[in-house]
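So the sequence lines, in the order shown, correspond to chains A and B. Be aware that the first sequence starts at 1, since it is given in our numbering, and climbs by one per residue. Be aware that the second sequence starts at 1001, since it is given in our numbering, and climbs by one per residue. See below for the structure under consideration.
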Amino acid sequence: AQKITQTQPGMFVQEKEAVTLDCTYDTSDPSYGLFWYKQPSSGEMIFLIYQGSYDQQNATEGRYSLNFQKARKSANLVISASQLGDSAMYFCAMREPSFYNKLIFGAGTRLAVHP
Amino acid sequence: DTAVSQTPKYLVTQMGNDKSIKCEQNLGHDTMYWYKQDSKKFLKIMFSYNNKELIINETVPNRFSPKSPDKAHLNLHINSLELGDSAVYFCASSRASGRDRGETQYFGPGTRLLVL
């Protein structure tokens, strides 16, 4: 069974608008970490944002915020004021509980920002 | 200034050859990883070392052998390359495994391997 699900293979958004990329996860461990990475067309993997399962507040990093809904097991990435440079693949990942920091990745969402 | 570096960036080789990919991190991290990204962009962990000790060894053909001479370096050697080994291989590093932000993994630029 998939532990990380990203249901949107592709999304597009108008420049300067906000966009939400969905991610749901599955674990029975109370302690886990959730991550979002960006992969532009140049291929590198860029860390964006982290949310720990015990964090009381939703994580924010500049224009990125994580809408963490623990009961629903969702960790959606919100990008505000989209820029053309935000066009990329976005991956949600979960630290596999009790497995030495092993990351399990979702299939990714390709975001296209239109001018 | 590069935090996690990999060499080579591109590798084109023939089936049956043996090749190595090198990874170095200057972040002072204790843990390093190898991931494989296939043609559909799916990322999967292969190996992880913590302070030169192998701690994650996924179901990977034993043609793949990681080696960590010290905690700043993690190399990946592949014997008898096959067409299906064509992929992007990412190295990553993090502080020692912990249940906080320190577990964030930082990735190298990737090595694009093409087996002909």
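Glycine is no exception: its CB is placed at the ideal position from the N, C-alpha and C atoms. All values reported here derive from a predicted model rather than from experimental measurement.
Inter-residue spacing [alpha-carbon to alpha-carbon] between residue i and residue j
i                 : j                 : result
Leu1116 (chain B) : Gln1014 (chain B) : 5 Å
Met89 (chain A)   : Ser1080 (chain B) : 32 Å
Leu1054 (chain B) : Ile104 (chain A)  : 18 Å
His114 (chain A)  : Glu44 (chain A)   : 22 Å
Ile4 (chain A)    : Ile1056 (chain B) : 20 Å
Trp1034 (chain B) : Glu1082 (chain B) : 18 Å
Pro1066 (chain B) : Leu1074 (chain B) : 7 Å
Pro1109 (chain B) : Lys38 (chain A)   : 12 Å
Tyr54 (chain A)   : Trp36 (chain A)   : 17 Å
Glu1058 (chain B) : Phe1064 (chain B) : 11 Å
His1077 (chain B) : Leu1011 (chain B) : 13 Å
Gln1025 (chain B) : Phe12 (chain A)   : 35 Å
Gln6 (chain A)    : Val1060 (chain B) : 25 Å
Ser41 (chain A)   : Pro1069 (chain B) : 32 Å
Of the residues the options, the one placed nearest residue i, counting alpha carbons only
i                 : options                                    : result
His1029 (chain B) : B:Thr1104, B:Ile1055, B:Ile1045, B:Gly1016 : B:Thr1104
Tyr32 (chain A)   : A:Leu66, A:Tyr100, A:Met94                 : A:Met94
Leu84 (chain A)   : A:Gly10, A:Pro9, A:Glu15, A:Ile4           : A:Glu15
Lys1044 (chain B) : A:Gly52, A:Glu96, A:Leu111, A:Ala112       : A:Glu96
Leu111 (chain A)  : A:Tyr100, A:Ser87, A:Ser41                 : A:Ser87
Gly52 (chain A)   : A:Gly106, A:Gln69, A:Lys38                 : A:Gln69
Cys92 (chain A)   : A:Asp29, A:Asn101, A:Phe47                 : A:Phe47
Lys102 (chain A)  : B:Asn1026, B:Leu1027, B:Thr1031            : B:Thr1031
Cutoff 9 Å: residue i Cβ touching any chain B Cβ
i                : result
Lys102 (chain A) : yes
Gln56 (chain A)  : no
Gly85 (chain A)  : no
Arg63 (chain A)  : no
Gln8 (chain A)   : no
Interface flag, residue i vs chain A, CB-CB below 9 Å
i                 : result
Val1042 (chain B) : A quick correction: the sequence has Phe, not Val, at residue 1042 (chain B). Yes, Phe1042 (chain B) counts as interfacial toward chain A.
Thr1104 (chain B) : yes
Phe1090 (chain B) : yes
Arg1063 (chain B) : no
Ile1021 (chain B) : no
Ser1086 (chain B) : no
Asn1066 (chain B) : Contrary to the premise, residue 1066 (chain B) reads as Pro rather than Asn in this sequence. No, no contact with chain A.
Glu1008 (chain B) : Per the sequence shown, the amino acid found at residue 1008 (chain B) is Pro instead of Glu. Output row for Pro1008 (chain B): interface = no.
Please determine if the segment 1035–1043 of chain B and the segment 1074–1092 of chain B are in contact, where contact requires at least 3 C-beta pairs separated by less than 8 Å.
Output reads yes: the segment 1074–1092 of chain B touches the segment 1035–1043 of chain B.
The segment 1044–1053 of chain B in contact with the segment 1005–1012 of chain B per 3-pair CB rule at 8 Å:
In this structure the segment 1044–1053 of chain B does not lie against the segment 1005–1012 of chain B, because fewer than three pairs of beta carbons, one per stretch, are closer than 8 Å.
The segment 17–34 of chain A in contact with the segment 77–88 of chain A per 3-pair CB rule at 8 Å
Yes, the segment 17–34 of chain A is in contact with the segment 77–88 of chain A.
Inside the segment 1047–1115 of chain B only - beta strand (DSSP E) runs reaching at least 3 residues
Counting whole runs of 3 or more residues, the segment 1047–1115 of chain B contains the beta strand (DSSP E) stretches 1053–1057, 1064–1070, 1073–1078, 1087–1094, 1111–1115.
What ranges does the beta strand (DSSP E) occupy inside the segment 77–106 of chain A, keeping only unbroken runs of at least 3 residues that lie completely in it?
If only complete runs of 3 or more residues are kept, the segment 77–106 of chain A shows the beta strand (DSSP E) at 88–95, 103–105, in order along the chain.
Three-pair Cβ contact test at 8 Å for the segment 1014–1023 of chain B versus the segment 62–70 of chain A:
Per the Cβ contact rule, the segment 1014–1023 of chain B is not in contact with the segment 62–70 of chain A (fewer than 3 Cβ pairs under 8 Å).
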